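In this note's numbering, the protein residues as written are 82 to 271. Ideal Cβ positions, reconstructed from N, Cα and C, are used throughout, including at glycine. Everything numeric in this text was worked out from a predicted model, so none of it was measured.
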């Protein structure tokens, strides 16, 4: 759903560094992982990576960098016209996810949200997929997961979901068996 150059996790390390916080990418990632599991609030996360100031202002400055893929809204519109419900599973700080949904105008277009910061588990854990199944009441065999992370696709397929790789800059390993797309329109044969 996120633009490849402006996805939340990919923007985080440069943002923290540029704003005088920690330099070590692994430390930032570890602290973000804790926040995305609901173990740290947004304020606690920013403090842990060395950013000081008003949390709402820091959140806004960071989240304003995040962009949707250019084909995300047309995809969501097409799904709505076809009467096909859409769910989103995301590894994110809960408050950030809520702010992004509102700012990017997708709150009403995606029927179910499974946010790691709310459920305390992250993709590719089977537990996050089970949370989705319980929330939606849809069996895994009737779900299609589109993701850019191979480990997430493998976990979903292992539960019986259909899977599609949204291609990114990550090299695809030989023997890769998931269908691949470069954009959402390809799901409709366009």
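With contacts defined as CB atoms closer than 8 angstroms, residue 236 and residue 260 fail to qualify as a contacting pair. In terms of Cα proximity to residue 264, the closest of 118, 150, 100 is 150. Contact between the stretch 174 to 186 and the stretch 139 to 147 is present: 3 or more CB-CB pairs across the two stretches fall below 8 angstroms. CA-to-CA, the gap between residue 97 and residue 186 works out to about 26 angstroms.
Cβ neighbours of residue 247 within its own chain (closer than 7 angstroms, five residues either side excluded): 227, 228, 229, 262. Rounded to whole angstroms, the gap between the alpha carbons of residue 140 and residue 114 is 17 angstroms. In the DSSP annotation of this structure, the continuous segment of the alpha helix (DSSP H) that includes residue 137 starts and ends at 136 to 144.
DSSP, reduced to helix, strand and coil, places residue 107 within a helical segment of the structure shown. Put simply, the backbone Cα of residue 95 is about 20 angstroms away from that of residue 122. Residue 253: not part of any beta strand (DSSP E); DSSP gives it neither H nor E. Distance from the Cα of residue 214 is smallest, within the candidate group 191, 242, 188, for 242. In this structure, the beta-carbon distance from residue 269 to residue 159 falls below 8 angstroms. Across the set 221, 181, 169, 161, the C-alpha of 169 shows the shortest separation from the C-alpha of residue 196. A straight-line Cα-Cα distance of about 11 angstroms links residue 92 and residue 106. For residue 204, the secondary structure class from DSSP, reduced to helix, strand or coil, is coil. Ranked by how close their Cα comes to the Cα of residue 90, the residues 100, 155, 266, 143 have 143 in first place.
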